[in-house]
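A.B. asks: Sharing a structure with you now.
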Amino acid sequence: MKIHKRYISAFVALMLSVPVFAQVPAAAPKQSKPVLLKGATLHIGNGQVVENAAVGFDKGKITYAGPQSGANLSGYEVVDVTGQHIYPGLIHPNSNLGLNEIESVRATIDWREVGDLNPHVRSVIAYNTDSDIIPTIRTNGVLMTQVTPVGGTIAGSSSVVQLDAWNWEDAIVKADEGIHLNWPNMLIATGNSAYDARLGRMREQRETALTELATLFRDAAVYKAGKHDNENLKLAATAGLFDGSKKLYIHTNFGKEIIESVNFAKKHGVKEIVVVGARDAVSVADFLKANNVAVIYSGVHALPSRAEEDVDMPYKTPYLLHKAGVQFALDYDLSIHGIRNLPFIAGTAAAYGLDKEQALASVSLNTAKILGIDKQAGSVEVGKDATIVVSSGDLLDMRTNNVTHAFIQGRKIDLNNKQKYLYEKFDNKYKQEKKAPASATTSAGN
Amino acid sequence: MKKILTIAACLALGAGHVMAQETFPRNGVYDERSGLVALTNATIHTDYKTTISNATLLIRNGKVEAVGTGVKVPAGAVTIDAKGKHIYPGLVDMFTGYGMPEVKSERGGWGSPPQMESKKQGAYSWNQAIKPETNAVELFKVDKKQAEEMRKLGFGTVLAVHRDGIARGTATLVTLADNKRENEVVVLDKAAGALSFDKGSSTQDYPNSLMGSIALLRQTYLDAQWNTQNPSREQNISLTAFTAANKYPQIFEVDSKLDILRADKVGDEFGKQYIIKGGGDEYQMIKEIKASNAPIILSLNFPDAYNVEDPFDARRVPLEAMKHWEMAPANAALLNKAGVTIAFTASDLKDKKDFLPNLRKAIQYGLSEEEALKALTATPAKLLNADSKVGSLNKGMLANFIVTSGNLFAADNIILENWVQGSQYKISEVPSDYRGVYTLKMPQQPDRKLMISGTAERPELKVIGKDTVSGKITFNGNLVTLSFNKDKKSKESIRLSGWLQDKNLQGEGQLPDASTVKWTATFSEAMSQKAKSDSTKVAKAPQLGNIIYPFRAYGQNELPKQETILIKNATVWTNEKEGKLENADVLIKNGKIAKVGKNLTENGAKIVDGTGKHVTPGIIDEHSHIALNGVNEGTQSVTAEVRMADVVNSDDINIYRQLAGGVTTSQLLHGSANPIGGQSAIIKLRWGKSPEELMVENADGFIKFALGENVKQSNRNNANIRFPQSRMGVEQVFVDAFQRAKEYEQSWKTYNSLSKREKSKTPAPRRDLELDALVEILNDKRFITCHSYVQSEINMLMQVADEMGFKVNTFTHILEGYKVADKMKERGIGGSTFSDWWAYKMEVKDAIPQNAGLMNQLGVVTAINSDDAEMARRLNQEAAKSVKYAGVSEEDALKMVTLNPAKLLHLDDRMGSIKAGKDADVVLWNDNPLSIYAKPLKTFVDGIAYYDLERDEQMREELEKERMRLIQAMLNAKTGGARTQAPAMRRASVVHCEDVEHNEEESYFAH
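As you go down the protein sequences, you meet chains A and B in turn.
Residue 254 in this note's numbering sits at position 254 of the first sequence, with consecutive numbering throughout.
Whatever position you read off the second sequence (first residue = 1), add 446 for this note's numbering.
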């Protein structure tokens, strides 16, 4: 760490003499030679741990993952990571990363389209690989994300990307893999006259929204079979829900709404259903399990929904879902910049009941399965992409999370970011001034 | 409930024009009558505690002339025999809107442009919500419909309050006679002054928070005093009127228990004991309510049961709403038992007909009938200084009384008449009771038996002949109509009509074959007593659940107590020069840390095994917005007059949740909507205690300042009117404010240096609460916490402070602190920052997670804060991020959420480290406190374990049991025919200082 810092300082000092704008590091070049990491504890992502392990990869794919004793070193560039930990690159589902730079500046926001039903809208083409935020996310071990649009009843289609690319086309891991449905809120009378007076109209609106949705599903389900005079973008985009080529992500939280929305989707023949948000998932766990519906649970670091709930309800929900046999993954939906806290969300789940390796799976292999990319990602297993993180300590604990190496598809990525740069810049300023105190006390220099 | 015949008419018996309108000319001959009436042989309740049997009430000219057993009825008196009836004083409601105009708010919607100044024209207050010039008597109009509605409940006199604004002027006491002019029915033209915290119809921005309302009211008291002392300085009708209205009893309308305490505090400051119209939840803080000494006006508005049949829906009903449903009817009894003076009002009832049934319910729940009557007669009369006119029936008082069929509070009682100022209003008649068994005879028909049962007012008919058939029967006066089918199979009806002759019935009728018949029905026996009493069952007082503190989930009937505790063999993070001690003991005694060391012993101490566990000082959150009713008075650029301490909400569940995260002390800050915000409150998380008891004793005063996007309103639509709209303007706001403060201070210094004689000739300067706070800053008596982001503005404020001669104590947020850390260090300014937030708005695009570490490295006292109710319960983890991002040592990192914030709050002499003599604000963790895997096992505040993991588990079970009990009770109530309401969830919004408006909207959606 110390050496690393000094190195950067020197680099910064050197670069200060020339204009520096290179805050987003260049995407790493393709893996040029086989690499073998040895001596670490390997956390595969599927619940298993291998002590004193080695992981080899070549041409972007994992060629070996197991005990160091079984590894064939010939031809590999060996990197000694003894005492460290190897993990699969973490995957963050349901995010707006790259669709927005500064939340309060409209010009930097590309996550919402007008209109209620936008299944044809594709988020991935707005994914900005040059975002200053992306490198800060990688630094903590998150290497892939699902770029997800918001708004309306159907927000659009999401894609899975990896976080080290020159442009969105390079970044794609799986394009347009699912459609995001924001389930219209159930509306209930409250006894508040001002609100209840509007309730009738709002319920009508909800009915209309659900009718339009049902019609869209009905028509899309038969769309592929028919011959069309005109191509219909919305139907074409939705059709994949009915042959299983696309997933339906239903964003909803309240228990009754989860049941209502899942039943709605099943009735219309949707094959693959994932519930996102799912604050009340525990109360409908049996239903979710019986219907084989997976959950992306948002907001582990959230307050309980109700004062009466257990104080630690959001923290222990992952454990309770696991216990109930529901397939789930975790996301961090509080902010975009906060996505780098994804490992700690898993850490909290582990602090509140979940086994540590299970907690890891909920941000790696489980996520890959839910997103339909587990053949190529999500765990450190032979044949999968070499998307790997090495940390000097437990990745899930901020006390020890310290990523020393990260590889995406075998490419060794640059862990620098704008924030490290700014830190070094000012750390260096103060150090310079300490050396030359006379110049340190000048006023109003800025 | 009895349905009784009601009669709307005022019978001009005697008293048509008693209190003659002497100044009014007549069209026609004068028709004054004395209205001399004697009601004899009655049971007269002359006041709430005195009953005279077989007595006479003599009234003349609308007043009581005599009352008692020996009253001689003079010649010329109309005599009414009231044998068997009761007479009570007419009831008094001291909080109504009777005869008042409707209050309409024309406030613009969200996003409408600000209105900085009053739209009211004339020489009035600067603020539209201050309207003490209102005199209800000038607005009052007799309203027949409202008067009749209230008379039916038994009321004869009401206080009419114009419920609009913070200072509402005077209220007028009037009778409910509606056959007279306003001139005659006004009893006291100005009976009371009226106040509230609600700005009512005011369209002006300020105040837009509860704390703003409180500040405005306090300033108005001061301004009124100043105006009285300096009559020539400013013509201000409102201030003159305010002073005038102050002479009367002051009635303060609030809607919650905490607001009662808030109002009372204002009253104490200005020597006023308010009478307070409460919200019905007073029983939840009875000790504090009693201590306020305020008489409380109670509405009898009890909530309906929630419809909890659907378990998903039932989850939305908060525990306190369920418990309040059960407890609300007991409020009056509990207050009365505690010695609080109470009066009742019918004003909040959606359906006024609920008044008497709910009053009976209050009695059923433990209030004595005598106290109930007192609360409706003598108490309001006395509080309004009208007890020589109304509230009892003594010679010379208004002839306001009610005549009832029996005991006013009995379920089967009927109010027969309500006399107001000697005018008789018939309310209802006792229906004649014809129930019994009759023998029906008709020619060419077999004899039949008529069984008339049901209730007297709704008789039911059964006809027993060859078959038994049910029929219909109605009485109207002494006329009767009945019809029934010939026999069971037949659909042909026999219809009879007749009249009452002695006890028997007779008349004519028509048979199905169209022939007419004469009939008689001879009375044979009355209905059995049992059948009668079944219709008037008295319900028993139900078993009630515990009152818990605070009154919501995780409240407790008994608060945890201070103990002597010895934690043995733990890793102790002392934050002192000893550093981290392994296998050490900590002794907690009398709320303090008594000893720290190894192998400690203490007789009688409760031993807590700390093996493998960690002990740290309690976490201190330098920047919090929990436990508040409102965060921003976001209207004016300078609102130094508002105080968070006025709006501390001790019921906030986040207090408990944060204890569960190891937090023991929080600075509750004003928001960041204006360059100079409000005064902070520093609380300890003593869950279950009152707002007053949460305050950290003898803490220094702090105040919130703010810079940047929020104060220049750059992220708001439609708000580009208020100065400042740029960082340039922000500087000028500070310079101007402190310049004014200096001049203000000088004017007081000059005045205070005058001799006594000179002082008496010189008017005192006007006291200004806003400038008072700024003067305190100039004199190092109040300290600044300034919300700040970018270096330009931080440098600006440091320079302004240097030039104007004040200090900045802490820059909070300070996300670019790493750019100016050397300058902060130079001036001894601390930094309290987020661990890793950035990119959510323009001014944080250069924020870095190494900020805290770099500031700390340069010697700035650095804290990590939350500004967020959730993150606050993981501040230990946020501190750990400085280890990760900037290589700060673990012990220094922990200090960022313990000792350093204590320093920033000037509390490090008693908090922030594990040292003998300091407050026993201590957390026991299961793991290294900087680890994600760590959680508090116990959190002590003042040596009291306000959070205990084991007890928490137990409380969860108890909570679930209590909810199930209440759900069952509600289901039973519904089955029993009680009204229900839809389950609604009030979701308290979690506030950040970004939230510009005080916003506690309910969330109506399903989750």
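Here a beta-carbon is modelled for each residue, glycine too, at the ideal position from N, C-alpha and C.
Here the structure is a predicted model, which is why all the values come from computation and not from measurement.
Sort out for me which residues DSSP pairs B:Met897 with in a bridge.
C.D. replies: B:Val883 and B:Lys908
A.B. asks: Counting along the chain, where does the alpha helix (DSSP H) carrying B:Glu817 start and finish?
C.D. replies: Glu815 to Leu822
A.B. asks: Quick one: Cα of A:Gly60 to Cα of A:Ile133, how far?
C.D. replies: Near 25 Å, if we compare the C-alpha coordinates of A:Ile133 and A:Gly60.
A.B. asks: Hey, B:Tyr1264 and B:Ile1310: beta-carbon distance below 8 Å or not?
C.D. replies: no
A.B. asks: A:Leu348 touches chain B at which residues, Cβ-Cβ below 7 Å?
C.D. replies: The question names Leu, yet the displayed sequence has Thr at residue 348 of chain A. Under the 7 Å cutoff, chain B gives Ile1378.
A.B. asks: Mapping DSSP to helix, strand and coil, what is A:Pro135?
C.D. replies: The DSSP-derived three-state label of A:Pro135 is helix.
A.B. asks: If you pair each beta-carbon of the segment 83-94 of chain A with each one of the segment 367-375 of chain A, do three or more pairs fall below 8 Å?
C.D. replies: yes
A.B. asks: Mind listing, in chain order, the continuous alpha helix (DSSP H) runs of no fewer than 4 residues lying wholly within the segment 986-1042 of chain B?
C.D. replies: none
A.B. asks: Let me see if you follow: with CB-CB separation under 8 Å, is A:Ser104 close to chain B or not?
C.D. replies: yes
A.B. asks: List, in chain order, every chain B residue whose beta-carbon is nearer than 8 Å to that of A:His301.
C.D. replies: Chain-ordered, the chain B residues with CB closer than 8 Å to the CB of A:His301 read Glu1316, Met1317 and Arg1320.
A.B. asks: I'd like the list of long-range same chain contacts for B:Thr962, defined as Cβ closer than 8 Å, with 5 residues on each side in sequence excluded.
C.D. replies: Glu954, Gly955 and Gln956
A.B. asks: May I have the straight-line CA-CA distance separating B:Val1455 from B:Asn1255, to the nearest angstrom?
C.D. replies: Not covered by the structure: residue 1455 of chain B. The range shown for chain B is 447 to 1453.
A.B. asks: What do you reckon, are the CB atoms on A:Val351 and B:Tyr1379 nearer than 8 Å?
C.D. replies: Reading off the sequence, residue 351 of chain A comes out as Ala, not Val. Yes. Within cutoff.
A.B. asks: Whole angstroms are fine: how far does the CA of B:Gly602 sit from the CA of B:His491?
C.D. replies: 15 Å
A.B. asks: In the DSSP assignment, find the unbroken beta strand (DSSP E) run with A:His322 in it and report its ends.
C.D. replies: Run containing A:His322: none in the beta strand (DSSP E); it sits in the alpha helix (DSSP H), Met313 to Ala324.
A.B. asks: Counting pairs of Cβ atoms below 8 Å between the segment 1354-1374 of chain B and the segment 1105-1115 of chain B, do you hit three or more?
C.D. replies: yes
A.B. asks: Is B:Ala1106 buried or exposed, if buried means 16 or more other CB atoms sit within 10 Å of its CB?
C.D. replies: buried
A.B. asks: Do the CB positions of B:Gly646 and B:Gly611 come within less than 8 Å of each other?
C.D. replies: Their beta carbons are under 8 Å apart, which means B:Gly646 touches B:Gly611 by this criterion.
A.B. asks: Closest Cβ-Cβ distance between B:Leu485 and chain A: below 8 Å?
C.D. replies: no
A.B. asks: Quick one: does A:Ala22 have its CB under 8 Å from some CB of chain B?
C.D. replies: Here the model assigns A:Ala22 a pLDDT of 49, short of 50, so the residue's position is not dependable, and the following value carries that caveat. Answer no: the Cβ-Cβ gap between A:Ala22 and chain B never drops below 8 Å.
A.B. asks: Name, in chain order, the residues that DSSP records as bridge partners for B:Phe930.
C.D. replies: For B:Phe930, which the question treats as bridged, DSSP gives the partners B:Gly917 and B:Ile940.
A.B. asks: So if I threshold CB-CB distances at 7 Å, which residues from the segment 760-788 of chain B count as touching chain A?
C.D. replies: Arg761, Pro764 and Leu765
A.B. asks: Could you tell me which of B:Leu1033, B:Ser1377, B:Ser642 and B:Val926 sits nearest to B:Ala440, measuring between CA atoms?
C.D. replies: It is not possible to answer for residue 440 of chain B, since the shown part of chain B is limited to 447 through 1453.
A.B. asks: Assuming A:Val300 and A:Pro314 are in contact, meaning their beta carbons sit under 8 Å apart, how far apart are those beta carbons, in whole angstroms?
C.D. replies: 6 Å
A.B. asks: Take the Cβ of A:Val49 as the centre, count every other Cβ of all protein chains shown within 10 Å, and call the residue buried at 16 or more, exposed below.
C.D. replies: Classification of A:Val49: exposed, given that the 10 Å Cβ count is below 16.
A.B. asks: Please list, in chain order, the chain A residues whose beta carbon lies closer than 8 Å to that of B:Gln1400.
C.D. replies: Near B:Gln1400 there are no residues of chain A at all, since even the closest Cβ is about 12 Å away, more than 8 Å.
A.B. asks: Please return the same chain residues whose Cβ sits closer than 8 Å to the Cβ of B:Asn840, not counting the five positions on each side in sequence.
C.D. replies: Thr492, Asp493, Val510 and Val513
A.B. asks: Is the segment 373-381 of chain A touching the segment 1245-1253 of chain B, taking contact as three or more C-beta pairs under 8 Å?
C.D. replies: no
A.B. asks: So, helix, strand or coil for A:Asn94, using DSSP?
C.D. replies: strand
A.B. asks: Using DSSP with H/G/I as helix, E/B as strand and the rest coil, what is B:Ile735?
C.D. replies: helix
A.B. asks: Are B:Lys1023 and B:Ala1362 close, meaning C-beta to C-beta below 8 Å?
C.D. replies: No, the Cβ-Cβ distance between B:Lys1023 and B:Ala1362 is not below 8 Å.
A.B. asks: Between the alpha carbons of A:Asp385 and A:Asn46, how many angstroms are there, rounded?
C.D. replies: If you take the alpha carbons of A:Asp385 and A:Asn46, they lie about 15 Å apart.
A.B. asks: Determine, using beta carbons only, whether B:Gly842 and B:Asn507 come nearer to each other than 8 Å.
C.D. replies: no
A.B. asks: Tell me which same chain residues have a C-beta within less than 7 Å of the C-beta of B:Ala1419, skipping the five on either side of it?
C.D. replies: Excluding sequence neighbours, B:Ala1419 sits near Ala751.
A.B. asks: With a threshold of 16 other CB atoms inside 10 Å of the CB of A:His228, please say whether the residue is buried or exposed.
C.D. replies: exposed
A.B. asks: Whole angstroms are fine: how far does the CA of A:Asp164 sit from the CA of B:Asp1268?
C.D. replies: 37 Å
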